Amino acid sequence: MTGIHTYALLCEKTLGRAPSEVRLLHLRDPVVISAVPTPQTIRGQERRTAAVWGAIERACAKEDFRPNTGPLCNYCHFKPVCPAFAADGAPGAAAAAGAA
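The sequence shown maps to residues 5 to 104 in the numbering used here.
See the structure below:
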């Protein structure tokens with residue numbers, strides 16, 4: 005439901021007032037997700053968004069972009085140059101080792 009609450013926050017910031025209801029429509033599967041945002045949910049989403057943005061800014065300032073591995077790594081085109089899969093921890097080491 006984070007996405008729908010983010011949309012409510014953006015509506016409030018852009019339009020100057022919170023929407024009375026927010027709906028997310030999935031067209032492929034006829035599914036409707038709806039929420040009635042409250043001042044508390046909008047404030048909570050604003051705090052979460054600010055926290056994520058703060059983490060992004062800190063990572064950029066330190067140039068600290070550690071990879072997080074997961075099941076989707078098996079489908080990633082960058083896996084050969086990803087530090088998480090490098091033999092010695094250096095970016096591209098796994099690709100270089102495979103080429104040797």
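Using N, Cα and C, we set each Cβ at its ideal position, and we do this for glycine too.
For clarity, every value in this text was computed on a predicted model and none was experimentally measured.
Residue i to residue j span [Cα, whole Å]
{"i": "E67", "j": "T73", "result": "19 Å"}
{"i": "G93", "j": "G7", "result": "Low confidence applies to G93: its pLDDT is 48, below 50, so where it sits in the model is not reliable, and the reading given next is rough at best. So the alpha carbons of these two residues sit roughly 35 Å apart."}
{"i": "T10", "j": "V56", "result": "13 Å"}
{"i": "L29", "j": "A39", "result": "12 Å"}
{"i": "V26", "j": "L19", "result": "14 Å"}
{"i": "G48", "j": "S24", "result": "17 Å"}
{"i": "P84", "j": "P43", "result": "46 Å"}
{"i": "N78", "j": "E50", "result": "33 Å"}
{"i": "F69", "j": "F89", "result": "14 Å"}
{"i": "G59", "j": "M5", "result": "Residue 59 is actually Ala in this sequence, not Gly. When rounded, the distance between both Cα atoms is 21 Å."}
Cβ shell of residue i (< 7 Å), same chain only, five flanking positions each side left out
{"i": "E16", "result": "A22 and I46"}
Buried/exposed call for residue i, threshold 16 Cβ in 10 Å
{"i": "P41", "result": "buried"}
{"i": "G96", "result": "Because G96 carries a pLDDT of 48, less than 50, the predicted location of this residue cannot be relied on, and the following value inherits that uncertainty. So G96 counts as exposed."}
Nearest-angstrom beta carbon gap, residue j and residue i [assumed within contact, 8 Å]
{"i": "C86", "j": "P71", "result": "6 Å"}
Same chain, Cβ closer than 6 Å to residue i, five either side skipped, listed in chain order
{"i": "L13", "result": "I46, Q49 and E50"}
{"i": "T125", "result": "Residue 125 cannot be examined here, being either before or after the span of the chain that is shown, 5 to 104."}
Other residues of its chain near residue i: CB distance less than 8 Å, five sequence neighbours each side excluded
{"i": "C80", "result": "C86"}
Going residue by residue through the region 56 to 95, where are the continuous alpha helix (DSSP H) segments of at least 4 residues, counting only ones entirely within it?
none
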